[in-house]
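Position one of the sequence shown corresponds to residue 11 (the working numbering), numbered consecutively onward. By construction, the Cβ of each residue, glycine as well, lies at the ideal position given by its N, Cα and C atoms. Quick notes on the structure that follows.
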Amino acid sequence: MAQVYAGINRIVSREPGVKAAVRAKAEEIGGRGRAFLAAHRDTGAAAVEVTSGRVDSVVSLVDPNALSIEYGHAAYTRKDGREVGASQGLYVIHRAAGLQ
């Protein structure tokens, strides 16, 4: 049976080259995400951002409607009565990370 050691993530994250490799992978994913987003974006402020901390890096889709862009949305009626059709998600981050 496999053993799991408490704190192994702390040990591995401090190994030489790990931080640089994690940041490089995040930038690679961010670049693919930007390309996927650019192929679908006509206007708007949606952007893919890469943020790096002391150990980890995060790739984010930044927009007030980020959830709808990533996952899509069902049809709905706006407060002003206008009908908005359903939209499929673009899965920008999922595809960029190879998760879909």
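Roughly how many whole angstroms lie between the Cα atoms of Ala49 and Val72? So the two alpha carbons sit approximately 16 Å from each other.
Please classify Ile39 as buried or exposed, where buried requires at least 16 other C-beta atoms within 10 Å of its C-beta. Buried is the label assigned to Ile39, since at least 16 other Cβ atoms lie within 10 Å of its Cβ.
In this structure, does DSSP put His104 in helix, strand or coil? helix
If you count every other CB in all the chains shown that lies within 10 Å of the CB of Gly63, and 16 or more means buried, which is it? exposed
Host alpha helix (DSSP H) of Glu25 (start-end): Here Glu25 belongs to no alpha helix (DSSP H), and DSSP marks it neither H nor E.
Nearest by alpha-carbon distance to Ser97: which of Tyr81, His104, Val32 and Ile21 is it? Tyr81
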